[in-house]
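From first to last, the protein sequence lines are chains A and B. Each residue of the first sequence is one higher than the last, beginning at 0 in numbering that gives the first Met the number 0. Each residue of the second sequence is one higher than the last, beginning at 0 in numbering that gives the first Met the number 0. In what follows, a structure is listed as structure tokens, so that the remarks can point back to it.
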Amino acid sequence: MNKQMYDLCKWVLDAVGKAGAKDSRVGLSKSRLVEIQYRDKKPEIIKQATTLQMGIDLFVAGRYSSQNTCDLRKDALKEFISDAVSTTKLIAEDQYRTLPAPKYYKGRADIDLQIADASIDDLSAEQKHTIVKAAENAAWSAGGDKVVTVEAGFNDEFDESVTLTSNGFSGDTMSTNFSVGVSVSVRDDDNRRPIAYDYAECHFYKKLPNPETIGANAARKAIAKLGAKKIDTATLPIIIENQIAPRIIKGFFEALDGRNIYRKQSFLADKKGQKIGSDKFVLVDDPLILEGLGSRLYDGDGFAAKKRTIIEAGVLKDFYIDWYYSRKLGCEPTSGSTGNMIVPAGVRSVDEIIKDLGKGILVTDFLGGNSNPTTGDFSVGIFGQFFEGGKIVYPVSEMNIADNHLKFWHKLAECANDPWLYSEWRTPSMVFSDVVVSGV
Amino acid sequence: MDRIDRRAFLKATTAAGGAIIAAPVLFDGWLTFAGTEKAGYFEKEFGITDALCKKVLAEALSKGGDFADLYFEHTISNSLGLEDKKVDRAYTSVNLGVGIRTVKGDQVGYGFTQELTEKSMMAAAAMAATITNGSATPVAGKFTAVKTGDYYPLTGTKPVPLAPRLSLVENTAGKCFARSNYIIKTIARFGDGRKRIMVVTSDGAKAEDLLPGSALSAMVTVERDGRKEQFWFSRGGRRDFSYYTDDIAKEVADGVVDGAVTLLDAVAVPAGEIPVVFGPGFPGVLLHEAVGHGFEADFNRKKTSIYSTMMGQKVAEPMVTVVDDGTWPNARGSINFDDEGTPSQKTAIVEKGILKSYLHDRISAKYYGLSSTGNGRRENYANYPIPRMRNTYILPGPNKPQEIIESVKKGIYIQDVSNGQVNIGQGDFAFYVSQGRLIEDGKLGAPIKDVNIMGSGPKLLRDITMVADDLKLGWSGTSTCGKDGQSVPVDAGMPTVLVRSLTVGGTKKQGA
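So this is what it looks like as structure tokens:
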């Protein structure tokens with residue numbers, strides 16, 4: 000634990016108590032980041048900084064407020080706390096606002112999640128520039144004369160946090176993140192300039208894929224978009240590619256949130272234990288995976304992290320209920336925070352599935368769109384590749400899919416064998432049958 | 000300055016009716032800046048003198064570069080939330096820091112610090128300087144205040160306490176419940192932020208401002224015969240609290256409740272290409288997505304925008320003029336000067352159908368040999384500025400709204416939009432319709448909702464065939480644009496407009 004950060008949190012916790020707040024939660028986070036971006040073979044952006052942010056949740060005479068500040072001078076903090084406590088006393092009482100019962104803090108896993116790379120400081124600026132150049136050069140090579148411009152970047156970040164509560168919770172985290180991303184713009188015959196990107200993010204520098212692979216992938220994706228057209232409105236099978244699949248799940252996911260359930264803005268509120276999708280629909284939340292980008296030992300309330308099955312064979316098993324909304328809803332809390340969200344992979348590759356389906360659309364990008372958590376209705380723009388006779392035929396653009404989540408997830412026919420592991424959402428490509436795709 | 004002294008001073012000077020200091024102060028439960036004067040804040044509160052700025056800028060240019068700039072920011076944001084007919088949560092956020100940028104051509108070195116001390120600023124400046132590797136560039140001998148308009152004057156110098164804000168939120172929620180028996184839940188919120196900024200450039204400009212921003216919003220869920228719908232509505236802008244009268248509370252309550260109740264009758268939307276009429280106001284997001292982003296000059300300088308070869312060409316019919324305007328009084332996207340210190344302006348992007356101007360920051364303006372259009376904006380001190388829109392809209396045209404609706408045999412009418420996105424290079428855009436109507440035989444029909452609409456930007460401009468005379472801005476007070484990981488406040492508007500055809504992402508095949 001960073002002792003300096005701990006000491007400041009403890010000092011604030013004590014100051015809050017002296018200022019008249021019976022209970023409080025104090026969190027301090029510190030981030031050090033480096034961003035290097037190249038465009039067209041020269042540095043475009045070099046950015047480096049360290050940020051500190053303190054959050055204070057106050058529980059004063061049955062009332063609640065939440066405060067954030069980055070002005071951490073003790074004199075300024077003392078004033079800030081005094082002001083915050085005064086303000087909190089003026090708003091309405093809320094009997095449900097308390098710190099969690101300490102029993103939920105217990106049972107924290109005693110493991111090293113392996114999310115901090117001790118070698119982060121060994122990486123020189125020169126090495127970082129070399130990575131970016133390698134990624135960019137690979138994109139230029141793979142893209143050929145169609146390339147208009149290439150942007151490539153490398154980021155690294157070192158994060159620390161400490162959280163304390165007045166009723167005994169103490170937690171700290173330390174993590175590192177490294178990412179490489181490449182964006183490639185190519186020129187189409189009609190002056191359109193499709194852009195595609197590829198990226199990867201990991202806790203450990205050595206686990207990043209080869210930067211040349213990322214650059215070449217971005218170029219390949221951009222070239223694949225050339226000559227895109229809109230096809231007739233039709234009902235077709237679609238395959239949603241692994242990297243973008245979380246977008247469609249998140250629309251569904253909103254309705255699992257205890258806040259939305261309490262606010263009567265959840266189409267899933269009364270569906271626990273019911274079949275809301277096909278047998279293929281499985282969603283597991285595991286915050287304890289080693290090296291996982293969503294790994295953590297405790298959640299926002301301080302509850303010990305646990306693996307949970309949210310959807311099993313299409314049956315809704317669990318919600319995301321934090322401490323506060325559990326009290327308002329009169330139920331046991333689960334957790335208000337996500338960990339690593341896993342849709343288990345299937346056995347066949349996307350190529351095999353395309354051959355088997357014959358005709359359909361491989362969705363590679365979404366555009367715009369939204370999802371209504373109260374009704375489950377959603378509508379979103381898609382780009383991708385039209386396939387016929389088991390082969391990719393041409394790219395499509397400016398098309399759309401729309402449905403209701405309570406119908407859509409019953410159309411999930413298969414998951415491919417290609418889970419995307421460079422995100423806290425570990426999703427494979429997902430196949431849906433009979434989807435209305437709007438076009439001409 | 001000690002806090003007790005400051006409070007005592009505030010009390011004394013307010014009572015005397017004299018000038019008050021500008022520092023953050025708790026005024027009967029509401030943390031805010033006490034004063035409204037713009038100049039001198041960072042010097043008075045943090046000792047940021049011209050001499051210190053010059054020293055830091057010299058460090059930023061110690062290895063050369065075209066110019067460097069400093070962006071000081073101190074922001075206080077407050078919000079109140081109501082969930083069960085009472086305001087039972089309050090949030091406050093304070094942000095403070097300085098961003099230091101060194102620019103050479105189109106290359107940027109950037110460092111920032113949350114500590115406004117000479118040591119921290121010099122370290123951040125040294126970081127920014129690493130973008131170049133030459134000999135030092137001189138800094139201007141003195142800094143001259145940038146002359147600008149005042150597009151969001153603040154009324155009075157005395158802060159407004161917490162109590163009337165609590166009443167406003169509760170009053171709004173009360174009006175919601177009173178308007179319909181179908182309401183099963185109301186959420187209301189009032190947010191109010193004030194941002195003090197100072198931009199100092201190595202070529203001698205100094206600009207200081209106090210930017211207000213506030214919004215009153217409500218969300219309701221209604222239920223009838225087992226069917227539930229939700230709707231959200233808000234009003235706001237660069238306003239102080241005097242704007243939030245009982246009439247505004249009523250406008251928000253009526254807007255959100257009527258919107259939600261209407262959706263209880265919404266029908267399935269056709270899928271495919273059909274004519275689309277955009278109603279006046281926030282449907283202007285259409286322009287923001289389909290046109291505005293593609294005209295931001297960084298995308299054109301990098302040749303990634305579909306519009307990068309179209310300057311001076313006819314892109315729309317002559318009745319179409321699209322502007323990006325930073326000067327509309329009290330609009331959410333208005334700025335007195337941008338985050339590089341360039342005075343704000345009203346910029347015609349498309350004038351009578353001809354592409355006239357991109358939206359420039361200093362880097363792109365230099366690239367094109369033009370002056371900045373005052374579009375260099377950033378989310379906060381932790382980010383460097385890039386070309387961003389302000390308030391984007393179409394100027395009024397020759398038609399009447401009714402005439403436009405009557406011209407459509409079968410199509411859809413868009414009343415409200417929640418979000419949008421654009422694919423700059425391909426020109427494809429999308430926006431999400433939260434409320435609209437079918438048009439059948441020239442008349443508005445059943446309500447529709449939750450539909451994504453897509454199109455191609457250049458084709459959309461060509462397909463605008465009618466423009467009415469009823470221009471309105473959105474005024475939601477919450478519209479925010481995201482680009483390169485940075486969010487900035489904007490607004491969008493338009494008069495009633497007919498677009499020949501767009502792809503409507505419905506669930507019902509036409510004719511089915």
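Ideal placement from N, C-alpha and C gives every residue a C-beta, glycine not left out.
Secondary structure at B:Arg238: coil, using DSSP grouped into helix, strand and coil. In this structure, B:Pro386 sits near B:Leu358, with a CB-CB distance shorter than 7 Å. Annotated three-state conformation of B:Pro386 is strand, per DSSP.
Within the region 68-154 of chain A, the complete alpha helix (DSSP H) runs of at least 4 residues fall at 73-87, 124-142.
Counting along the chain, no alpha helix (DSSP H) covers B:Ile99; the unbroken beta strand (DSSP E) around it starts and ends at 86-103.
In this structure, A:Leu89 lies near B:Gly28, with their beta-carbon atoms less than 7 Å apart. Along the region 104-125 of chain B, going in chain order, the ones with a CB nearer than 8 Å to a CB of chain A are Asp105, Gln106, Val107, Gly108, Tyr109, Gly110, Phe111, Thr112, Gln113, Ala123. The beta carbon of B:Met388 sits no closer than 7 Å to any beta carbon of chain A. Taking the Cα positions, A:Leu420 is about 8 Å away from A:Thr426. Residue-level contact check: B:Ser61 does not touch chain A, since none of the beta carbons of chain A fall below 7 Å from its beta carbon. Shown here for B:Met453: same chain residues with a beta carbon closer than 6 Å to its own, the five before and five after excluded, namely Ala429, Thr502 in chain order. DSSP, reduced to helix, strand and coil, places A:Trp10 within a helical segment of the structure shown.
Excluding five sequence positions before and after B:Pro457, the CB atoms of its chain that fall closer than 7 Å to its own CB belong to Ile305, Val314, Gly426, given in chain order. Residue contact with chain B for A:Gln264: present (Cβ-Cβ distance below 7 Å to some residue of chain B). With contacts defined by Cβ atoms closer than 7 Å, B:Arg376 and B:Gly476 do not form a contacting pair.
Per DSSP, B:Glu117 lies in no beta strand (DSSP E) segment; the continuous alpha helix (DSSP H) that holds it begins and ends at 117-127. For A:Trp322, the enclosing alpha helix (DSSP H) stretches over residues 322-328.
B:Phe294: not part of any alpha helix (DSSP H); DSSP gives it neither H nor E. Within chain A, no residue has its beta carbon less than 9 Å from that of B:Ala491; the closest one is some 15 Å off. For A:Asp93, at least one C-beta of chain B is nearer than 7 Å to its own C-beta.
Contact of A:Gln66 with chain B by beta-carbon distance below 7 Å involves Thr91. Per DSSP, the continuous beta strand (DSSP E) segment holding B:Asn77 begins and ends at 66-81. Per DSSP, the continuous alpha helix (DSSP H) segment holding B:Asp257 begins and ends at 245-262. Apart from sequence neighbours up to five positions away, the residues of its chain that approach B:Gly505 with a beta-carbon distance below 7 Å are Ala267, Val268, Pro269, Ala270, Val450, ordered along the chain.
Per DSSP, A:Arg262 lies in no beta strand (DSSP E) segment and is marked neither H nor E. Under DSSP, A:Ala195 takes part in a beta bridge, and its partners are A:Val183.
Think of a sphere of 8 Å around the beta carbon of A:Asp376: the chain B residues whose beta carbon falls inside it are Lys448, Asp449, in chain order. Unbroken beta strand (DSSP E) stretches of 3 residues or longer found wholly inside the region 293-374 of chain A: 307-311, 339-341, 359-370, given in chain order.
At a cut-off of 7 Å between C-beta atoms, A:Ile194 counts as an interface residue with respect to chain B. A:Val146 is classed as buried because its beta carbon has at least 16 other beta carbons within 10 Å across all chains shown.
Non-local beta-carbon contacts of B:Leu161 in its own chain, meaning distances under 7 Å to residues more than five positions away in sequence, involve Asp27, Gly28, Trp29 in chain order. In terms of Cβ geometry, B:Phe189 and B:Leu215 form a close pair [threshold 7 Å]. The beta carbons of A:Ala217 and A:Ala195 sit closer together than 7 Å. Contact check for B:Ile413 against B:Gly435 passes: the beta carbons are separated by less than 7 Å. Around A:Tyr95, the same chain offers Tyr323, Arg326, Lys327 as residues with beta carbons nearer than 8 Å, after the five sequence neighbours per side are excluded. Taking a beta-carbon distance threshold of 7 Å, B:Ile130 counts as an interface residue toward chain A.
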